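Right, one structure below, let's go through it.
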DNA sequence: TGATAATATTTCGACATCAAACTATCTGAC
DNA sequence: GTCAGATAGTTTGATGTCGAAATATTATCA
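Protein chains in written order, with the numbering used here: chain A, 25 to 175; chain B, 25 to 175.
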């Protein structure tokens with residue numbers, strides 16, 4: 025199933041693992057998308073709403089780093105959310121460079137309408153794994169995600 | 025580190041695992057991008073070149089499904105690759121709906137120039153895991169990627 | 001104070017991505 | 001043979017994504 029690459033044993037092992045990891049997340053996200061649990065908001069929009077919902081109002085820059093997206097990108101995503109009335113921008117009174125992003129009523133209810141189904145879909149997708157497999161996956165991902173130099 | 029969500033134990037465990045998986049692949053891909061091992065081609069372009077390089081000339085639709093991207097997307101990616109002379113389109117003589125995509129000389133050398141560094145970067149990133157961890161990760165991902173209904 | 005550095009966001013250009021509508025071509029049933 | 005439906009790609013429109021350069025504002029410090 026992997027590639028037709030021929031290399032050292034370590035290279036083969038790494039490529040094989042990498043491809044399985046990539047395919048796994050790809051098809052997992054595809055299946056989640058197909059379930060359409062998010063309704064008419066996009067995954068990015070969901071991520072932003074969800075972050076603000078759980079953490080509270082944040083600076084636009086804080087939202088970017090929470091959601092692991094670039095700042096320039098966050099501008100457009102929040103533009104669209106604001107256009108749809110789901111969030112509200114507010115200039116900081118003291119430091120007028122920063123913008124605070126708040127959920128509106130509509131944003132809160134939109135998220136609350138969507139969140140349970142999303143979580144249920146996740147639980148269902150992951151139910152193919154045993155508890156110990158989930159723990160192992162979590163631990164290995166944590167290690168791999170952290171990387172070498174992040175001491 | 026996960027979210028502030030409060031739910032059943034199964035929900036918490038699932039969310040925690042999901043977030044670790046997502047963060048892991050996110051930061052892994054970010055680090056790979058920062059290494060800039062692909063030079064001036066994009067990840068999508070690399071994926072297409074790599075697929076054709078290893079599997080051989082393919083129909084545009086076959087490339088789409090290999091790379092797990094939509095057909096409409098593949099049109100533009102291959103447009104850009106063709107513009108840069110890395111790939112060549114060729115109508116099928118018998119079935120004129122079909123387009124075969126071939127690597128050009130330039131495409132082959134571009135890929136061969138870039139592939140070793142890419143693999144080396146992968147090996148380095150994954151070297152933080154032990155062999156048995158890589159195997160466990162691969163197996164769990166295979167299971168999770170396959171999903172419930174794909175018997 | 002006033003020049004310079006730092007920070008937060010926006011703008012711009014290029015690419016990616018998908019769904020839906022469309023074109024061209026082929027196949028099969030009649 | 002012809003026409004309906006299937007199939008391969010393309011186009012279009014909306015969103016997302018990044019990096020680099022621009023803008024606006026605030027902080028620093030000589």
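Note that beta-carbon positions come from the ideal geometry of N, C-alpha and C, so glycine has one too. Keep in mind that this is a model prediction, so the values were computed, not measured.
Per DSSP, residue 122(B) lies in no alpha helix (DSSP H) segment and is marked neither H nor E. Of the candidates 53(A), 62(A), 103(A), the residue whose Cα lies closest to the Cα of residue 126(A) is 103(A). Neighbourhood of residue 110(A) in chain B, by CB distance below 7 angstroms: empty, with the nearest CB roughly 19 angstroms away.
Beta-carbon to beta-carbon, residue 145(A) and residue 47(A) are separated by about 19 angstroms, too far to satisfy the 8 angstroms threshold. Between residue 41(A) and residue 158(B), the C-beta gap is smaller than 8 angstroms, which places the two residues in contact. Residue 117(A) and residue 91(A) do not touch by the CB rule: their CB atoms are close to 25 angstroms apart, not below 8 angstroms.
No Cβ of chain A is located within less than 8 angstroms of the beta carbon of residue 98(B).
The beta carbon of residue 45(B) sits closer than 8 angstroms to some beta carbon of chain A. Shown here, residue 61(A) sits in coil according to DSSP, grouped into three states, outside any helix or strand. At a cut-off of 8 angstroms, the C-beta of residue 149(A) has a neighbouring C-beta in chain B.
The three-state reading of DSSP puts residue 37(B) in helix, counting H, G and I together. Following the DSSP letters along the chain, one finds residue 172(B) in no alpha helix (DSSP H), marked with neither H nor E. DSSP, reduced to helix, strand and coil, places residue 66(B) outside both helices and strands of the structure shown, so it counts as coil. Under a 10 Å Cβ-count criterion, residue 53(B) is classified as exposed, with fewer than 16 other Cβ atoms of the shown protein chains found around its own Cβ. Three or more beta-carbon pairs separated by less than 8 angstroms are not found between the region 153-169 of chain A and the region 123-139 of chain A, which leaves the two stretches without contact.
The beta carbon of residue 85(A) is closer than 7 angstroms to those of 95 in its chain, skipping five residues each way along the sequence. Residues of chain B with a Cβ closer than 8 angstroms to the Cβ of residue 42(A) are, in chain order, 146, 150. Residue 141(A) has its alpha-carbon roughly 12 angstroms from the corresponding atom of residue 35(B). Proximity to residue 77(A) across 114(A), 133(A), 150(A) peaks at 133(A), based on C-alpha coordinates. The residues 109, 110, in chain order, have a CB closer than 6 angstroms to that of residue 130(A) in the same chain once the five nearest residues on each side in sequence are set aside.
When the alpha-carbon of residue 170(A) is set against those of 167(B), 62(B), 171(B), 149(B), the nearest one is in 149(B). Annotation: residue 32(A) to residue 43(B) spans about 33 angstroms, alpha carbon to alpha carbon. With 16 or more other Cβ atoms from the protein chains shown falling within 10 Å of its own Cβ, residue 164(B) counts as buried. Membership of residue 118(B) in any alpha helix (DSSP H) is not indicated, and neither H nor E is assigned to it by DSSP. In this structure residue 143(B) touches residue 39(A) by the C-beta definition: roughly 7 angstroms separates them, less than 8 angstroms. For residue 155(A), no pairing in a beta bridge is given by DSSP.
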